[in-house]
Structures are given as C-alpha cells and as structure tokens.
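When we follow this note's numbering, the leftmost residue of the sequence shown carries the number 1, and every step to the right adds one.
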Amino acid sequence: MEVKVISGDVTKVKVDAAIVNLFEGVEKPGGATGAVDKALDGIISKLIAEGEIKGKLNEVTLLHTMGRIEPERVAVVGLGKREKFTYDSIRSVMSAACRTLRKTGVKNMATIIHGAGAGGLDAEKAVQALVEGSIIGLYTFRKHITKDPEYGEIQELLIVERDKKRVTLLEQSAKRGWVMAEATNFARDMVNEPANYMTPSDVAETARRVASDWGLEFSVLEAKEMEELGMGALLGVAQGSKQPPKFIIIRYKGGDPEAKPLGFVGKGITFDSGGISIKPSENMHEMKGDMAGGAAVIAAMRAIAELKPWINVTGLVPATENLPGGAALKPGDVLRAMNGKTIEVANTDAEGRLILADALCYAKSLELSPLVDIATLTGSCIVALGYVCSGVLGNDQEMVNRVIKAGEEGGEKIWQLPLYEEYKELNKSEVADIKNSGGRYAGAISAAQFLAEFSEDTPWAHLDIAGPSFLRKEQGYLIKGATGVAVRTLTNLALALAEKPITS
Ligand code: BES
Ligand code: MN
Ligand code: ZN
C-alpha cells in the first residue's frame with residue numbers, strides 16, 4: 001500500500017473513503033469529524049444521540065456521503081476512552097477501519113491523524129502508528145491458496161494534515177511507519193511459510209536477497225566451517241536432518257568503523273519436531289514458526305538498512321531443522337560448544353539453546369556488543385505470560401530496560417523475568433559442564449541461565465517470543481498465525497542505541 005501525507009481538508013479529498021474519529025462519550029463531534037457531521041446534516045450527531053455510535057475502541061460506522069462531500073464514504077472510528085488512548089490504540093483503530101473498508105471494495109482512502117488534537121498525543125508518533133496499524137492490520141498470507149480472494153487490496157492511504165508546513169516532517173514519520181510495518185509483514189511471510197518452503201537454505205537465500213536489495217553485507221557459514229569453528233552444539237542439532245544447516249551473517253555498517261557492532265542473534269529452527277524427544281503431534285505443525293527469532297533479525301536488518309541510523313549492527317541466524325533422523329542426537333549425548341563448554345543433551349527438544357550457545361560464542365568472537373538474542377525458546381514462557389507479551393531476561397539491567405522501551409514504542413509488550421543465580425542449579429549436569437534442560441519449573445528462566453553461560457560478560461538481553469510470535473487466534477490488529485513480533489523492537493532498539501549508546 002502506498003502512503004502519502006497531504007495538506008488540506010479531509011472533506012475535500014476525492015477518495016473512496018475518509019476515516020474520521022470519535023472518543024467514547026463525546027456527544028457533539030468537533031474538528032474534522034465535526035466538519036463532516038455538519039456537511040452531512042448532522043447525521044453523526046444523530047447516530048450518537050440514538051446510541052448507534054458510541055465511540056468505543058475499534059467501533060467502525062460506515063456512512064455513504066451521497067455526493068455531499070468529496071469522499072464517497074465516511075468511516076467513523078471509535079477511539080475508546082480518552083484517558084486510555086495510546087499509540088497502540090491508533091494501530092488498533094486503523095487496522096479495524098482498514099479491514100472494514102477493504103471488505104467494501106475501497107481502493108483508496110484518506111484519514112485524519114487520530115489522537116494528535118484532542119487526544120494530546122505527538123503528531124509524528126501518531127502518524128507512524130497509524131501507518132503501522134494500517135499495513136500490519138491488512139496483512140494476509142495467501143501464497144499457497146489458489147482461489148481468488150473475496151476482495152481486492154486497498155492501494156493508497158492519504159494522511160490529511162491541516163498545516164501545510166508540517167507535511168515534510170510527517171512524511172518522515174509515515175516513512176518510518178511504512179518501513180517498520182513492511183518489515184514486520186516480511187517476517188510474517190517467512191514465519192508463515194511451511195517448513196518445506198522455508199528450509200535453512202531458503203532462510204539463507206531470503207537473507208541473501210534482503211542483503212543485496214538493501215545494501216547489506218552478507219555471508220553464510222556452511223557445516224564444514226561450523227566444524228572448523230567447533231560449533232558442536234549447532235551441528236549436534238543439525239545431524240538429525242537431511243537439510244544442511246546454515247549460519248547466516250548480515251552486517252549493517254552505518255556507524256563509527258571503530259565501534260563494536262550491536263549484535264542480534266535469532267533462533268532459526270525451520271522445523272522443530274523435538275528430535276528423538278519428539279513432540280506430541282497435535283500442534284506440531286506450528287513448529288514451522290520456530291525460526292521467528294531468525295526472521296525477526298533478518299527483517300529488522302532490512303528496516304535498519306532503510307532507516308540508516310548511525311550505528312553498526314550485525315545479525316546472526318543459526319538455521320537448522322530439529323528432526324529425529326537416523327543420525328539424530330540422542331538424549332544423554334554430550335556436545336562441545338564453540339567456547340569449549342560441554343553440554344549434556346538431557347532433552348533433544350531443548351534444541352534452541354544449543355544452537356544459540358554456538359551463535360552467542362560466535363557473536364563474542366566477532367566482538368559484537370551489546371547482544372540481544374531473540375528466540376521462540378520455551379513453552380514455559382507461554383505458561384508464564386501467554387500470547388500477550390514476550391519475556392526478557394539479561395545480565396545487564398540497562399539493556400533489559402532499553403529492550404522493554406524499544407518494544408513499547410513499537411506496540412510490542414515485553415515483561416522481565418528474573419535471572420537469579422539460584423536458578424543456575426537447575427542446569428547442573430553430572431556428566432558435563434551443563435545440561436540443556438532444567439526441568440518443568442521456571443523453564444524460561446533456566447533456559448536463559450543456560451544462554452548466560454555463553455554470553456558470559458558481554459552486556460546481553462534475551463527475548464523469549466514463544467507466545468507472541470505465532471497466534472492461534474486473532475489478537476487485536478494481528479491476525480492468526482505469524483505476527484512478526486520483535487521486528488519493531490529490534491529496529492527501535494538500533495535507532496535508540498544510535499542516538500544514545502549504553503554506558504555500561
Ligand atoms: N520451540 C520450542 C518452544 C516453543 C513451544 C515455541 C511452543 C513455541 C510454542 C522449544 O524448542 C522447546 O521445545 N522447548 C522445550 C524445552 C524443554 C524440553 C526443556 C519446552 O519449552 O517445552
Ligand atoms: Mn524444541
Ligand atoms: Zn524449538
């Protein structure tokens with residue numbers, strides 16, 4: 001969808017539909033909504049008086065204008081209670097409005113900037129959020145459906161600002177929103193893709209294309225190089241599959257050439273059957289989404305390349321399948337990671353931390369700092385936090401705070417879990433330095449404690465996105481399936497660290 005910012009009056013734009021708004025409890029609409037109401041002989045006020053329009057969040061009322069104003073239709077969207085209104089409400093109402101308008105065959109639309117006037121929000125951030133909500137809200141994944149869709153796509157969104165002088169500034173906000181949203185949807189496409197279309201080689205190929213399209217440096221380590229580097233944990237997981245593993249490296253060099261790059265490490269398990277510790281079959285198909293962390297890293301690198309912050313960023317994605325082939329890892333096997341630490345494989349289904357162990361070692365060998373890893377790591381994190389928010393843990397509180405803040409700015413909720421020393425005991429092994437499963441209780445934390453053994457003293461935060469990465473049912477402006485979670489968090493984090501590096 002194309003997005004433009006124009007100056008003018010929303011009643012005078014020739015479009016299939018114009019979007020105006022109303023806070024809950026307002027009886028007499030003002031501003032642009034008031035102007036539309038007046039031009040339509042007070043129909044909006046009448047519908048409010050009769051209780052048909054309440055202004056509840058995400059309520060969409062569609063009116064035909066019968067030629068009285070330029071837009072053919074008007075969608076009045078409810079903004080909910082004024083005191084509860086946030087940038088995420090903007091994403092949400094735009095998504096609701098766009099979906100309704102798409103169903104009516106609308107091809108182009110105009111909107112006012114919600115929340116910037118009476119709502120008291122910042123107009124630039126509001127514009128960004130409204131573009132994000134529209135593009136993310138309209139996402140579908142139809143690649144493998146041969147039947148034609150019921151309705152076409154909306155081609156154009158015009159954001160109408162009254163003040164001509166602010167158009168250039170708001171265009172930048174719209175661009176930023178567009179970049180964030182398109183990158184989010186790009187990650188969703190990768191994650192929704194079935195595992196037979198998104199093998200480790202396909203992930204590498206996708207990353208290669210991103211790099212060449214957006215001017216990033218790109219390389220891949222093959223199994224042989226992994227062996228030379230001593231990546232025994234990653235190779236251990238890969239040995240049960242016929243698909244060769246790939247270790248993807250993408251570099252953005254936008255900052256001081258002397259500065260250590262920020263490091264992103266994304267889990268790239270393109271299918272997690274559990275291996276010999278095989279998973280129950282019921283929801284196993286969802287494990288095509290076990291590369292959501294890797295997809296988030298690749299997509300964020302793309303967004304960063306487009307936004308060009310003054311910082312160096314390196315993205316790493318260890319990619320492999322976790323399958324129970326004849327050569328597969330067996331429970332009880334011992335592996336040796338790149339830093340020399342030995343790992344007892346207590347459970348072959350705890351494969352994510354194995355591949356991340358080697359990836360973190362490699363990140364340290366490249367002197368990336370700070371580090372953030374992103375992984376659909378544990379079912380335990382879903383038990384703790386559900387599908388609403390990701391878990392974050394780390395060895396550096398400022399990094400954890402920065403990650404949480406970066407998430408908030410993108411409408412991605414993140415909650416910190418504790419990384420207390422006492423939890424280390426859960427990973428104690430009798431036959432090796434550490435084991436890869438700490439048992440049922442506090443599983444998200446013991447997994448993070450395991451990773452902490454490999455990030456060592458580098459400032460590091462770990463994002464467990466197992467819940468929010470893949471939804472079983474629609475949740476707000478996200479449809480069922482892949483959500484592209486963490487793309488906006490990582491991108492915002494890079495932008496923020498470019499402005500203000502961490503001091504620790
Ligand atoms: N990929 C899974 C975690 C997961 C579960 C992600 C559900 C998304 C939805 C991970 O590899 C895994 O299997 N973790 C195990 C670890 C356990 C064996 C220690 C888990 O959390 O059950
Ligand atoms: Mn697993
Ligand atoms: Zn997994």
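For each residue, glycine too, the CB sits at the ideal point set by N, CA and C.
Option in the options with minimal Cα separation from residue i
i, options, result
"Glu-52", "Gly-31, Asp-41, Thr-65, Gly-25", "Gly-25"
"Ala-183", "Ala-300, Glu-83, Phe-470, Gly-481", "Ala-300"
"Ala-452", "Ala-432, Leu-419, Glu-430", "Leu-419"
"Pro-309", "Gly-236, Gly-379, Tyr-252, Glu-398", "Tyr-252"
"Leu-497", "Val-313, Asn-196, Ile-69", "Val-313"
"Val-297", "Ala-319, Gln-155, Gly-236, Tyr-87", "Ala-319"
"Phe-434", "Gly-340, Cys-381, Ala-461, Thr-491", "A quick correction: the sequence has Ile, not Phe, at residue 434. Measuring from the Cα of Ile-434, the nearest candidate turns out to be Gly-340."
"Pro-245", "Pro-257, Gly-254, Met-231", "Met-231"
"Met-226", "Met-338, Glu-321, Asp-202, Ala-295", "Met-338"
"Asn-347", "Val-179, Pro-194, Thr-378, Gly-55", "Thr-378"
"Ala-129", "Ile-250, Gly-55, Val-3, Lys-12", "Val-3"
"Val-372", "Cys-361, Ser-380, Ile-382", "Cys-361"
"Lys-143", "Val-203, Val-400, Pro-194", "Pro-194"
"Gly-31", "Glu-59, Ser-241, Thr-111, His-64", "Thr-111"
"Glu-421", "Ser-219, Ser-277, Ser-446, Ala-432", "Ser-446"
"Ser-134", "Ser-277, Ile-479, Tyr-441", "Ile-479"
"Met-198", "Ala-116, Pro-261, Met-291", "Met-291"
"Asn-21", "Val-76, Lys-14, Leu-323, Leu-221", "Val-76"
"Asp-333", "Ala-17, Lys-14, Ser-437", "Ser-437"
"Ile-6", "Lys-165, Ala-432, Glu-150", "Lys-165"
"Ala-350", "Ile-90, Ala-363, Arg-336, Thr-376", "Thr-376"
"Val-431", "Pro-501, Ala-303, Ala-359, Leu-335", "Leu-335"
"Leu-323", "Val-400, Leu-121, Pro-200", "Pro-200"
"Ser-380", "Gly-467, Leu-63, Asn-401", "Gly-467"
Straight-line Cα distance separating residue j from residue i
i, j, result
"Met-190", "Ala-482", "9 Å"
"Gln-449", "Ile-343", "13 Å"
"Leu-157", "Gly-177", "13 Å"
"Met-284", "Ala-357", "24 Å"
"Ile-287", "Phe-271", "The sequence shown places Met at residue 287, rather than the Ile named in the question. Cα to Cα, Met-287 sits roughly 5 Å from Phe-271."
"Thr-206", "Leu-307", "20 Å"
"Gly-33", "Ala-123", "Residue identity check: residue 33 is Thr in the sequence provided, not Gly. The alpha-carbon atoms of Thr-33 and Ala-123 are separated by roughly 17 Å."
"Gly-410", "Asn-185", "14 Å"
"Ser-429", "Glu-258", "40 Å"
"Ser-455", "Val-388", "27 Å"
"Asp-457", "Gly-266", "19 Å"
"Glu-50", "Lys-56", "15 Å"
"Thr-489", "Lys-46", "43 Å"
"Leu-426", "Phe-85", "43 Å"
"Glu-70", "Lys-12", "5 Å"
"Gly-294", "Val-345", "23 Å"
"Lys-413", "Gly-67", "43 Å"
"Ser-469", "Ser-281", "20 Å"
"Val-203", "Asp-41", "56 Å"
"Met-109", "Ala-97", "10 Å"
"Val-179", "Met-1", "12 Å"
"Asn-196", "Ser-273", "13 Å"
"Arg-99", "Leu-493", "30 Å"
"Glu-153", "Phe-264", "34 Å"
"Ala-233", "Leu-221", "15 Å"
"Lys-28", "Ile-44", "9 Å"
Distance CB(residue i)-CB(residue j) smaller than 8 Å
i, j, result
"Ala-486", "Leu-463", "yes"
"Ser-92", "Tyr-477", "yes"
"Val-74", "Val-131", "no"
"Gly-510", "Arg-188", "An answer regarding residue 510 cannot be provided, because it is not within the stretch 1 to 504 covered by the chain."
"Gly-507", "Ala-327", "Beyond the ends of the chain as shown, which are 1 and 504, falls residue 507; an answer cannot be given."
"Tyr-423", "Ala-442", "yes"
"Val-561", "Ile-248", "With the chain running from 1 to 504 in the structure shown, residue 561 is simply not present."
"Leu-417", "Ala-363", "no"
"Ile-113", "Glu-161", "yes"
"Arg-208", "Tyr-151", "no"
"Thr-146", "Ala-303", "no"
Whole-Å CB distance - residue i paired with residue j, under 8 Å assumed
i, j, result
"Ala-211", "Glu-217", "7 Å"
"Gly-315", "Ile-250", "4 Å"
"Ala-461", "Gly-391", "Incorrect: roughly 11 Å between the Cβ atoms, too far for contact."
"Ile-352", "Ile-465", "Correcting the residue type first, residue 352 is Gly in the shown sequence and not Ile. The Cβ separation is near 11 Å, so there is no contact."
"Lys-330", "Ile-278", "At roughly 12 Å, the Cβ-Cβ gap does not stay under 8 Å, so Lys-330 and Ile-278 are not in contact."
"Leu-229", "Leu-368", "15 Å between Cβ atoms; not a contact."
"Ile-159", "Leu-170", "7 Å"
Interface flag, residue i vs chain B, CB-CB below 8 Å
i, result
"Ala-496", "Checking the listed chains, one finds no chain B in this structure; it contains a single protein chain."
>> Give the list of continuous beta strand (DSSP E) stretches no shorter than 3 residues that lie fully inside the stretch 361-428.
In response: 371-375, 390-394, 414-416
> Which parts of the stretch 52-93 are runs of the beta strand (DSSP E), unbroken and 3 residues or longer, counting only runs that do not cross its ends?
Replying inline: Listed in chain order, they are 60-64, 73-78.
>> What ranges does the alpha helix (DSSP H) occupy inside the stretch 422-494, keeping only unbroken runs of at least 4 residues that lie completely in it?
In response: 443-455
> Along the chain, which unbroken stretches of the alpha helix (DSSP H) at least 4 residues long are found entirely within the stretch 274-334?
Replying inline: List check, alpha helix (DSSP H) in window: 292-307.
>> For a minimum of 4 consecutive residues, which ranges assigned as the alpha helix (DSSP H) are wholly contained in the stretch 204-251?
In response: 223-229, 232-238
> Taking only runs of the beta strand (DSSP E) that begin and end inside the stretch 107-164, which ones reach a length of at least 3 residues, in chain order?
Replying inline: 108-111, 156-161
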